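Counting in our numbering, the sequence shown runs from 42 upward without gaps. Input: a single structure, listed below in structure tokens.
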Amino acid sequence: MAIDLRSDTLTRPTDAMRKAMAEAEVGDDVYGEDPTVIELQQRVAAMFGKEDALFTPTGSMANLLAVSSLVQPGQEVLCEASAHIARAELGAHGALAGLTMRTWRDPRGQVDLAAIEAMFAPDMGPFFVRTAAVSVENTHNFAGGAVLPISDLEALRAYATSVGIGVHLDGARIWNAHVATGVPFASYGACADVVSVCLSKGLGAPVGSLVVGSTDAIAEARVRRKRMGGGMRQVGILAAAGLHALDHHVERLADDHANAGLLAEACGLDPSTVDTNIVVVPRDDAAAFVAGARDGGVLIAPVGPKAVRIVTHLGVSREDAEAAAAVLSRL
Ligand SMILES: *Cc1c(COP(=O)(O)O)cnc(C)c1O
Numbered sequence: 042m043a044i045d046l047r048s049d050t051l052t053r054p055t056d057a058m059r060k061a062m063a064e065a066e067v068g069d070d071v072y073g074e075d076p077t078v079i080e081l082q083q084r085v086a087a088m089f090g091k092e093d094a095l096f097t098p099t100g101s102m103a104n105l106l107a108v109s110s111l112v113q114p115g116q117e118v119l120c121e122a123s124a125h126i127a128r129a130e131l132g133a134h135g136a137l138a139g140l141t142m143r144t145w146r147d148p149r150g151q152v153d154l155a156a157i158e159a160m161f162a163p164d165m166g167p168f169f170v171r172t173a174a175v176s177v178e179n180t181h182n183f184a185g186g187a188v189l190p191i192s193d194l195e196a197l198r199a200y201a202t203s204v205g206i207g208v209h210l211d212g213a214r215i216w217n218a219h220v221a222t223g224v225p226f227a228s229y230g231a232c233a234d235v236v237s238v239c240l241s242k243g244l245g246a247p248v249g250s251l252v253v254g255s256t257d258a259i260a261e262a263r264v265r266r267k268r269m270g271g272g273m274r275q276v277g278i279l280a281a282a283g284l285h286a287l288d289h290h291v292e293r294l295a296d297d298h299a300n301a302g303l304l305a306e307a308c309g310l311d312p313s314t315v316d317t318n319i320v321v322v323p324r325d326d327a328a329a330f331v332a333g334a335r336d337g338g339v340l341i342a343p344v345g346p347k348a349v350r351i352v353t354h355l356g357v358s359r360e361d362a363e364a365a366a367a368v369l370s371r372l
């Protein structure tokens with residue numbers, strides 16, 4: 042079977058995870074009566090030092106609910122130019138939430154506080170779009186799984202508070218940032234008003250994300266989720282997969298990071314430039330490189346015409362990574 046390094050969304054639930062799902066206690070979650078969903082929401086809220094959390098089917102919905110808890114229709118959110126909310130959510134924030142975006146550009150997806158300060162627009166009455174929030178992504182997907190230093194997030198938090206705007210953290214892979222740096226989840230939580238997290242990436246759950254924030258923000262998000270058709274019923278079956286992932290699949294992300302370092306080296310990159318589980322390899326011959334890897338039994342994905350993305354995850358063992366490294370170094 043091919044070694045699949047296209048994405049960490051490709052993980053399949055393990056036997057133990059399927060067993061936990063099969064045994065989950067469930068109820069109607071639209072009635073607020075699914076005990077497993079409630080347990081997951083309370084657990085994740087507590088991890089990030091927040092009051093409440095809401096389970097959503099996808100990270101895109103979690104991001105949409107999170108950002109629209111901070112930004113009203115006709116206001117703007119600032120984010121990095123290759124942020125998932127800007128590039129990979131099909132314009133949902135404009136199409137469905139009626140807000141606009143302006144972006145700063147950083148090749149490593151980092152917080153550029155000087156750019157944010159320069160772009161910030163206060164309420165100018167009936168003249169200019171008002172900046173209501175800043176959104177940051179940690180780790181940053183299209184910047185190759187780059188970690189945002191906690192000191193930068195703290196500085197952003199202080200600035201946002203000083204000008205009275207919100208901070209959203211797209212923490213789809215905050216688990217990887219935590220394992221790579223040792224920074225507690227609560228410290229990340231303290232830097233943002235709302236956090237979105239994904240269980241369906243490296244944590245290996247088949248489905249599921251959460252929005253985490255204040256009691257009021259989550260109550261509002263619950264209404265909007267239902268309005269969007271995201272009110273789910275006996276969804277404790279899926280929440281159980283998330284609880285299992287939090288128990289068993291967080292610390293092991295360190296293995297994915299080590300495997301990513303090995304693959305980076307095989308592609309001629311300095312492994313110290315790879316923060317977590319994503320390797321972006323610049324290749325002028327991206328399509329041919331992908332095809333050559335496929336012939337060797339290794340699946341990787343192009344990101345544009347001049348780069349490929351390699352992602353390690355739960356479904357890739359050390360032996361798989363070594364075998365893939367041998368194929369890629371030959372190319
Ligand atoms: C995957 C991802 C999401 C959510 O994606 P869904 O496919 O909608 O679950 C959000 N942000 C980032 C950075 C991601 O990588």
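Note that the Cβ used here is the ideal one computed from N, Cα and C, for glycine as well. Quick caveat: nothing in here was measured; it's all calculated off a predicted structure.
Within 8 Å, strictly: CB atoms of residue i and residue j
i, j, result
"residue 214", "residue 317", "yes"
"residue 237", "residue 252", "yes"
"residue 240", "residue 250", "yes"
"residue 278", "residue 95", "no"
"residue 108", "residue 209", "yes"
"residue 140", "residue 117", "yes"
"residue 174", "residue 126", "no"
"residue 106", "residue 266", "yes"
"residue 51", "residue 289", "no"
"residue 230", "residue 44", "no"
"residue 158", "residue 200", "yes"
"residue 280", "residue 58", "no"
"residue 98", "residue 235", "no"
"residue 347", "residue 325", "yes"
"residue 300", "residue 362", "yes"
"residue 151", "residue 189", "yes"
"residue 56", "residue 275", "no"
"residue 315", "residue 216", "no"
Best match in the options for proximity to residue i [C-alpha to C-alpha]
i, options, result
"residue 69", "329, 182 and 273", "273"
"residue 305", "325, 349 and 290", "349"
"residue 307", "240, 321, 202 and 67", "321"
"residue 302", "226, 99 and 221", "221"
"residue 48", "190, 343 and 313", "343"
"residue 145", "137, 133, 165 and 176", "176"
"residue 123", "372, 296, 148 and 313", "148"
"residue 179", "88, 211, 330 and 60", "211"
"residue 154", "119, 56, 226 and 66", "119"
"residue 264", "75, 88, 76 and 110", "110"
"residue 372", "331, 92, 352 and 360", "331"
"residue 184", "46, 217 and 319", "319"
"residue 102", "268, 296, 334 and 293", "268"
"residue 115", "328, 202, 169 and 66", "169"
"residue 46", "287, 202, 341 and 76", "341"
"residue 295", "333, 244, 204 and 327", "244"
"residue 257", "42, 54, 91 and 78", "91"
"residue 286", "271, 81 and 297", "81"
"residue 163", "226, 204 and 327", "204"
"residue 329", "358, 369 and 219", "369"
Any non-hydrogen atom of ligand 1 closer than 7 Å to residue i Cβ
i, result
"residue 390", "It is not possible to answer for residue 390, since the shown part of the chain is limited to 42 through 372."
"residue 239", "yes"
"residue 109", "no"
"residue 228", "no"
"residue 100", "yes"
"residue 178", "yes"
"residue 104", "yes"
"residue 182", "yes"
"residue 60", "no"
"residue 250", "yes"
"residue 125", "yes"
"residue 288", "no"
"residue 213", "yes"
"residue 91", "no"
"residue 347", "no"
"residue 242", "yes"
Beta-bridge pairing of residue i - partner residues as DSSP gives them
i, result
"residue 70", "DSSP, once it has assigned bridges, lists no residue as partnering residue 70."
"residue 261", "DSSP, once it has assigned bridges, lists no residue as partnering residue 261."
"residue 341", "In DSSP, residue 341 forms no bridge with anything."
"residue 176", "209"
"residue 157", "According to DSSP, which records beta bridges pairwise, residue 157 is partnered with nothing at all."
"residue 187", "181"
"residue 348", "323"
In chain order, each beta strand (DSSP E) run of at least 3 residues that lies wholly inside the stretch 107-149:
117-121 and 141-145
- Every unbroken alpha helix (DSSP H) inside the stretch 293-335 [4 residues or more]: 294-307
Review point. What runs of the alpha helix (DSSP H), each 4 residues or longer, lie entirely inside the stretch 45-96?
Key: 56-63 and 76-88
Residue ranges of each alpha helix (DSSP H) run of no fewer than 4 residues wholly in the stretch 220-269, ordered along the chain?
-> 226-231 and 256-268
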